[in-house]
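Novice: In the numbering used here, the protein residues as written are 2 to 660. Ideal Cβ positions, reconstructed from N, Cα and C, are used throughout, including at glycine.
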Ligand code: NAP
């Protein structure tokens, strides 16, 4: 809660009819947790808990009478707080919090998560992910320390906010005309987030006003713009400039970054530290299908949607059935004459009843006015969409059907989805056979069904699963010779994700370059952020930091930024010129990471995806739980780095501890 507690409570009880109506329209679990936090009374919680069977609200089967008891108690409690002008209650003890967390999601929440979740929920206390100076910043040579950030998406802006809070001078280079990164670039019909929005937002800048549980692109972009405004970041951003090259100058321990502006003119600037926040998914991959250049109609990628193409009444081909295709296809099928979907391999998609739902007025009211409701909802959604089933993504060596599932839990998931898809397809077994992947669930990114299967059942839709041979002026021709006349081709074919940082050229010490070290698809870094030979360079959303089991990439960004800010603090407070991760630390981490990933679903031999490279090594996706990565990045350990300092600035008195 950012507002004053007493004022919030007074506001909540001002109109009792509205309060009651809103509670009647709110989720039971966060309401219950708000009540427990306000009263400290665990009895009612114990009574309700058995009816909470999972972290999503649709998994909660609390009887109406019990729900009403919770609401009545809440009304009485809030009125009592208001009548006596009572201050906020003390935060529950960790033991109580653990009981509350477990009850709230209907699963035991291990104690190891408590510190993380408290940080994520925040409860209006100090922004604990913000790094604080350990010396008086007025005495530090901050003006000599410039940072360049490349990219003004959610990652780059997160770094910018923290740099600004610390008073470290910085500049952002952004190739687009506005902030937003992937959310600016992707504006295909149906573009939306599939991580629940009340978790998919900065923990230090939450938004209680999302209109949907899974918001559309425009609303997310509006949020990002609002963040840029709130922290006054635009004056720090050069828009329309694409960073081309960064070279580390050993003699000065500075990065020299070169870019071209909108007019094509070359520029460069130096900085002490370089942070790349260029994302993994912004260089479209358009397959080189023979004859494509001869096609006469519009042909474009989902991330470069041609809004002038005019799809109404056209025969449209869509190649690719991943997350972008899953959203775009059903969003255009109503206007096109015919949609022909070309699927290379099937993807798994789950149903989430909240996916298409707007947030109700009562829920909105509670998020704004009911103390602790928003915090507990964030926790629930964190839990619902993150580490809960991570353990089930490892293969059981004794599992009898290893080609199609990993273990009993994974197999159950498979059967559940098959049943769901069968129902959506109205029992069309031939179509079902085409739609069910031959690899275990979660092998590729798990999609959320956007009425995809219902779409496939429509008269004006066809699903092609045979390979494409070539393209002519007005048709797609299959390997078996079938000719499909089409007017428009949409490439929902994903991105060149494995070529991390490409096409940016980065040259470190001793002639090392990122392209030579990483090749086209073999990137490695310590914690996904830093590598030997590249001092003072930090990569956000780097190797093995993509999230595939769930969670929000914003969470990872916040972890990375905290780590980077601690590194910069060390440099500034201790007069460190350069800081370079030790080779053994880097290699050891990558060995552990590879061992962890070895039996996980993403490296399953039956799976092809952008998560791994041509040698089946997991390269862009993280095998860790969110908790593991949070722990590994929580405290920057200077002992893992080679530090070089100017002798005059040597100061051993300050040892960085904690955040
Ligand atoms: P994607 O997941 O990589 O899917 C690309 C699709 O194109 C796949 O079906 C792929 O088939 C197919 N394809 C690629 N090359 C092909 C070729 N030469 N011939 C035929 N088919 C080909 O890309 P995406 O859908 O754009 O999604 C990328 C990532 O962006 C997602 O995984 C997700 O992380 C993110 N995203 C998120 C959201 C969201 O939050 N809702 C929405 C969109 C994207 P194969 O599977 O056989 O390779």
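Where do the N-terminal and C-terminal ends of the beta strand (DSSP E) with residue 642 fall, by residue?
Specialist: 642-646
Novice: Confirm the yes/no value for this check: CB of residue 188, any heavy atom of the ligand NAP, distance under 6 Å.
Specialist: no
Novice: Judging by CA-CA distance, which residue of 523, 548, 544, 518 is the nearest neighbour of residue 534?
Specialist: 518
Novice: Can you determine whether any heavy atom of the ligand NAP sits closer than 6 Å to the C-beta of residue 280, and answer yes or no?
Specialist: no
Novice: Just grab the DSSP bridge partners of residue 514 for me.
Specialist: 508
Novice: Since I believe residue 318 is in contact with residue 448 (beta carbons under 8 Å), could you give me their beta-carbon distance rounded to a whole number of angstroms?
Specialist: Contact flag wrong, Cβ pair sits at about 20 Å.
Novice: Below 8 Å on the Cβ atoms is my guess for residue 299 versus residue 489; work out the distance and round it to an integer in Å.
Specialist: 5 Å
Novice: Are there any heavy atoms of the ligand NAP lying less than 6 Å away from the beta-carbon of residue 288, as far as the coordinates show?
Specialist: yes
Novice: DSSP state of residue 21, grouped into three classes?
Specialist: Helix.
Novice: Strictly by DSSP, which residues pair up with residue 547?
Specialist: 622
Novice: Are the CB atoms of residue 439 and residue 605 nearer to each other than 7 Å?
Specialist: no
Novice: Whose C-alpha, out of 465, 501, 498, is nearest the C-alpha of residue 485?
Specialist: 465
Novice: Is residue 105 near residue 34, with beta carbons less than 7 Å apart?
Specialist: In this structure, residue 34 lies closer than 7 Å to residue 105 by Cβ.
Novice: What does the alpha-carbon distance come out to for the pair residue 82 and residue 90?
Specialist: Going from the Cα of residue 82 to the Cα of residue 90 covers about 10 Å.
Novice: Between residue 333 and the ligand NAP, is there a pair consisting of the residue's CB and a ligand heavy atom that are separated by less than 6 Å?
Specialist: no
Novice: Alpha carbon to alpha carbon, what distance is there between residue 347 and residue 468?
Specialist: 13 Å
Novice: Using 8 Å as the threshold, is the segment 295-314 in touch with the segment 323-336, meaning 3 or more CB pairs across them?
Specialist: yes
Novice: Does DSSP classify residue 655 as helix, strand or coil?
Specialist: Confidence at residue 655 is low in this model, with a pLDDT of 38, below 50, so its placement is unreliable and the value that follows should be read with caution. When DSSP states are grouped into helix, strand and coil, residue 655 belongs to the coil group.
Novice: When the distance is taken between beta carbons, is residue 525 closer than 7 Å to residue 591?
Specialist: yes
Novice: Could you name the residues of the same chain whose beta carbon sits closer than 8 Å to that of residue 178, not counting the 5 residues immediately before and after it, in chain order?
Specialist: 240, 241
Novice: DSSP state of residue 10, grouped into three classes?
Specialist: helix
Novice: Going by DSSP, what residue range makes up the beta strand (DSSP E) through residue 272?
Specialist: 267-272
Novice: Flag residue 611 as yes when its Cβ comes closer than 6 Å to any non-hydrogen atom of the ligand NAP, and as no otherwise.
Specialist: yes
Novice: Considering only C-alpha positions, which residue in the set 608, 611, 387 is nearest to residue 629?
Specialist: 387
Novice: Kindly provide the ranges of any beta strand (DSSP E) runs that are 3 or more residues long and lie completely inside the segment 417-500, ordered along the chain.
Specialist: As summarised for the segment 417-500, the continuous beta strand (DSSP E) elements at least 3 residues long and confined to that stretch are 462-465, 469-472, 476-479, 484-486, 489-492, given in chain order.
Novice: When you measure from the CB of residue 173 to every non-hydrogen atom of the ligand NAP, does any distance come out below 6 Å?
Specialist: No heavy atom of the ligand NAP is found nearer than 6 Å to the CB of residue 173.
Novice: In chain order, what residues of the same chain lie with their CB nearer than 8 Å to the CB of residue 268, ignoring the 5 residues before and after it?
Specialist: 242, 259, 260, 261, 262
Novice: With respect to the beta strand (DSSP E) encompassing residue 261, which residues constitute its N-terminal and C-terminal limits?
Specialist: 255-261
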